[in-house]
Amino acid sequence: MGGTYEPIDPIRGITNKSSGKMGLELAKQAYIRGFDVTLIVANVSVRIPSVFNVIKVETAEEMNKAIKKLIPSQDIFISTAAVSDFKFEDKDTHKIDSSKALSINLKPTIKIIRQIKELNSDIFLVGFKAEVNISKEDIIASAKQQIKDAGTDLVIANDVSDENCHFGSDNNKVWIVDDDIVSVPLSSKKEIANIIFDVILEKI
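First residue of the sequence shown: 1, per the UniProt record's numbering; consecutive thereafter.
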């Protein structure tokens, strides 16, 4: 959960605005419903209750290593983290001089979610798909493409350009996508987490 961080030098890097709020609400729902919960936590703006087992990570690579160790023994994996799509090809070991223009080379990070079913074919895999300023039809198509590419059993899709549903907001409006499509109107993330778990428990 949360946003990963990719360093460019010892004090600078790239990240995103993911807060971890949705991931935490899902974790709370899982705990309430009697599941043993482990959180893999990147950069978040929420306080994690002490009842949860937490594995702290920073980069996409660290998250990938933690997940590869954890996944074989799990029944459900919910991928709420906003993992960086790119990392710096050559991280500088010293602070980069800011008085000069700078060009950087980026390379893609590994697509973590596409490995999950390879590590545990029986796991129930829930993906999240955040899009920006596209139609409902295109959002749903993007979610279905993730199902095809990663083997996700369920995808939660939304448009983070909506002023009420941006990264860090307390509310969201989502589509829960598999063979069926459940449209969830603007609701609190707590309410959405409850609905998502209702759907998960119907499927597993």
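Built from N, CA and C at the ideal position, the CB exists for glycine as well. This one's a predicted model, so the numbers in the text were calculated from it and none came from an experiment.
Close beta carbons around residue i, own chain, < 8 angstroms, minus the five adjacent residues each side
i, result
"residue 254", "Absent from the structure is residue 254, since the part of the chain shown begins at 1 and ends at 204."
"Ile-181", "Ile-140, Trp-175"
"Lys-91", "Pro-7, Ile-8, Asp-9"
With 16 other Cβ atoms within 10 Å as the buried cut-off, status of residue i
i, result
"Lys-189", "buried"
"Ile-204", "exposed"
"Ile-104", "exposed"
"Ile-116", "buried"
"Glu-25", "buried"
Beta-carbon gap between residue i and residue j smaller than 9 angstroms
i, j, result
"residue 205", "Ile-196", "As shown, the chain starts at 1 and ends at 204. That puts residue 205 outside it, with no answer to give."
"Thr-109", "Gly-127", "no"
"Gly-2", "Gly-34", "no"
"Val-46", "Lys-21", "yes"
"Pro-72", "Leu-125", "no"
"Val-44", "Ser-19", "yes"
"Phe-88", "Ile-11", "no"
"Leu-186", "Asn-171", "yes"
"Gly-168", "Lys-69", "no"
"Lys-129", "Ser-121", "no"
7 angstroms Cβ shell around residue i - same chain, five flanking residues per side excluded
i, result
"Val-132", "Asp-159, Val-160, Ser-161"
"Asp-149", "Arg-114"
Rounded Cβ spacing between residue i and residue j (contact assumed at less than 8 angstroms)
i, j, result
"Ala-193", "Val-177", "No, Ala-193 and Val-177 are not in contact; Cβ-Cβ is about 17 angstroms, not under 8 angstroms."
"Lys-107", "Phe-86", "7 angstroms"
"Asp-9", "Lys-95", "5 angstroms"
"Ile-76", "Ile-123", "7 angstroms"
Other residues of its chain near residue i: CB distance less than 6 angstroms, five sequence neighbours each side excluded
i, result
"Ala-60", "Thr-4, Val-83, Ser-84, Thr-109"
Determine, using beta-carbon pairs with one atom in the segment 166 to 180 and one in the segment 134 to 146, whether at least three such pairs fall under 8 angstroms. Yes, they touch.
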